[in-house]
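Residue numbers (our numbering): 4 to 153. Notes follow the structure.
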């Protein structure tokens, strides 16, 4: 089995940094988690208020590489958090994980999550010894008409 790092690694791409969440990320995450339309295919309802987002963020601040890890997706230039990406349901024996991601609507359609996903996959395969990655995607989850034209 691959050696697990003692602290959450930072994954960098040309335009993004995937880093550990900070408590100061609460407002960006509330914008993401309170948007009912953006979460329509997610497995949880939108955050009703900042307190609900704060409770959800408790999971984000913990580093548990044997079970799950959640990264803040940050634009390198602006240093603003624009989304999140994670692996979860890690099965060490079968060397598999599930992955998930969310991005703020104003940043959709720019290839950011493909870029972040590539960095996550490299980390999973190269550093954690994962052999199988799954993502559940709802059939209806397609780019909106406005995004498809970009």
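For glycine and all other residues, C-beta sits at the position ideal for the given N, C-alpha and C. All values reported here derive from a predicted model rather than from experimental measurement.
- In the DSSP assignment, residue 66 falls outside any alpha helix (DSSP H) and carries neither an H nor an E.
- Membership of residue 121 in the alpha helix (DSSP H) is indicated by the continuous run 115-130.
- Under DSSP, residue 89 takes part in a beta bridge, and its partners are 73, 103.
- As a beta-bridge residue in DSSP terms, residue 137 pairs with 101.
- Secondary structure note for residue 143: it is in no alpha helix (DSSP H), with a DSSP letter that is neither H nor E.
- Under the criterion of beta carbons closer than 8 Å, residue 71 and residue 144 do not qualify as touching, at roughly 21 Å.
- Annotation: the continuous beta strand (DSSP E) that includes residue 23 extends over 19-23.
- Remark: C-beta atoms of residue 19 and residue 100 do not approach each other more closely than 8 Å.
- The continuous alpha helix (DSSP H) containing residue 31 extends over residues 29-36.
- Inter-segment contact for the region 102-114 and the region 134-142 is present: three or more beta-carbon pairs are separated by less than 8 Å.
- Cβ contact annotation for residue 92 (same chain, cutoff 7 Å, sequence separation greater than five): 100, 101, in chain order.
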